[in-house]
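Enquirer:
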Amino acid sequence: IKNKHCTEICPSMTASHFVAQHIMKKKLIILVNRESLCAYSQSNDLLISEYPSIEKINVDLQPSRPDPTICTDQDGRFPGGSSIGYSTAMKHGEAHGRISEQKKRKLSDLAHTISKLVNDEDCEAWNLAIPAEQANQVINKLPIEVQQKLTQLKEGDYTWLPRKEVNRLFDS
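By our numbering, the letter at position 7 of the sequence shown is numbered 210, and the numbering carries on one by one without gaps.
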């Protein structure tokens, strides 16, 4: 190796081996709760520091498509039954499955956001902290190639953690 710094670290190492071992490795840490998603990019470059650096990623958790269960006339309105010729008041329909449909859509949007984030950040691995009741549902909605990069899962709400503590969350 011609680089003096490199030979001081490991004199017997070839240049290509040295470069391959010291390419910056990138990992995402994604923290989720019912209402929000926090994402951090963690890069590990052993030439600069033995400790990985962590940066917060701004994530916009927006629905991927309009939600038909949210409208101004939520339950639907229709004329009430009456005798012919008499005017009747409008009646409200029932909200059949609206709450469960909204929950399903939130989980689907969450999976879509995570998948987009993992693909856009081009990371080698990612870790996820998510409440237990959402974990399987969200993971099952992720594409296989995104699921395969998931290295650690921690069940619980850790979105409140300060940035400096996020590094240690998956150290074990």
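All C-beta atoms, glycine included, are put in the ideal place defined by N, C-alpha and C.
Bear in mind the structure is a predicted one, so any value in this text is a computation, not a measurement.
(1) So S303 is in the alpha helix (DSSP H); what residue range does that whole segment cover?
(2) Since L240 and L313 should fall inside the 8 Å C-beta cutoff, what is the C-beta to C-beta distance between them, to a whole number of angstroms?
(3) Mind checking which residues open and close the alpha helix (DSSP H) that includes L372?
(4) Within its chain, find whatever has a CB closer than 8 Å to the CB of V262; leave out the 5 residues flanking it on each side and keep chain order.
(5) At the level of alpha carbons, what is the spacing between I257 and S318?
(6) Taking the continuous beta strand (DSSP E) assigned at N330, which residues delimit it?
(7) Quick check on the DSSP output: the beta strand (DSSP E) that includes E358 runs from which residue to which?
Expert: Quick answer:
(1) Looking at the DSSP string, the run of the alpha helix (DSSP H) that includes S303 is 301 to 324.
(2) Rounded, the Cβ-Cβ distance is 7 Å, consistent with contact.
(3) Note, L372: alpha helix (DSSP H), 366 to 372.
(4) So the list reads L240, C241, A242, T316, L320, once near-sequence residues are dropped.
(5) The C-alpha of I257 lies about 20 Å from the C-alpha of S318.
(6) Residues 328 to 333.
(7) Here the beta strand (DSSP E) through E358 covers 353 to 358.
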